[in-house]
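In what follows, a structure is listed as structure tokens, so that the remarks can point back to it.
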Amino acid sequence: MATQYPYERAPALDIGDRVVAAEHLGGFLRPQVRSGTRGVITARTPDGQFLVAFVNGRSHSVTAAQLLLLDLYGPR
Numbered sequence: 006m007a008t009q010y011p012y013e014r015a016p017a018l019d020i021g022d023r024v025v026a027a028e029h030l031g032g033f034l035r036p037q038v039r040s041g042t043r044g045v046i047t048a049r050t051p052d053g054q055f056l057v058a059f060v061n062g063r064s065h066s067v068t069a070a071q072l073l074l075l076d077l078y079g080p081r
């Protein structure tokens with residue numbers, strides 16, 4: 006289950022975290038990554054964004070607000 010946080014209270018995302026796209030990315034009429042697509046954070050850019058490799062083979066530079074942290078362990 007994915008957990009969405011307000012931008013101000015987003016947990017610290019790090020390289021290797023599994024995430025889900027919270028919105029369509031990469032195009033207006035034909036997005037390259039649809040919302041709900043899973044991915045892994047592979048790097049941080051100098052401007053504070055994250056480079057995410059998605060399961061459909063695409064990589065995108067996104068902000069924390071465009072990602073949902075994938076909760077693999079369920080509610081605690």
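Per the numbering used here, residue 6 is the first one in the sequence shown, and the count goes up by one each step.
No residue lacks a Cβ here, since even glycine has one placed at the ideal position from N, Cα and C.
Every value quoted in this text rests on a predicted model; they were computed, and no experiment measured them.
Rounded C-alpha distance that separates residue i from residue j
i      : j      : result
Gly-32 : Pro-51 : 23 Å
Ile-1  : Ala-69 : This structure cannot settle anything about residue 1, because the visible part of the chain is limited to 6 through 81.
Ile-20 : Ala-58 : 11 Å
Glu-13 : Asp-22 : Its pLDDT being 45, under 50, Glu-13 is placed unreliably in this model, and the value from its coordinates should be taken loosely. Cα to Cα, Glu-13 sits roughly 19 Å from Asp-22.
Residue i vs residue j beta-carbon contact at 7 Å
i      : j      : result
Leu-72 : Ala-17 : no
Ala-44 : Val-24 : Here residue 44 turns out to be Gly, not Ala, going by the sequence shown. Contact: yes.
Ser-66 : Leu-75 : no
Minimum C-alpha distance to residue i - residue among the options
i      : options                : result
Val-38 : Asp-76, Ser-64, Ile-20 : Ser-64
Beta-carbon contacts of residue i that lie in its chain and below 7 Å, excluding the five residues immediately before and after
i      : result
Leu-30 : Pro-36, Gln-37, Val-38, His-65, Val-67, Gln-71
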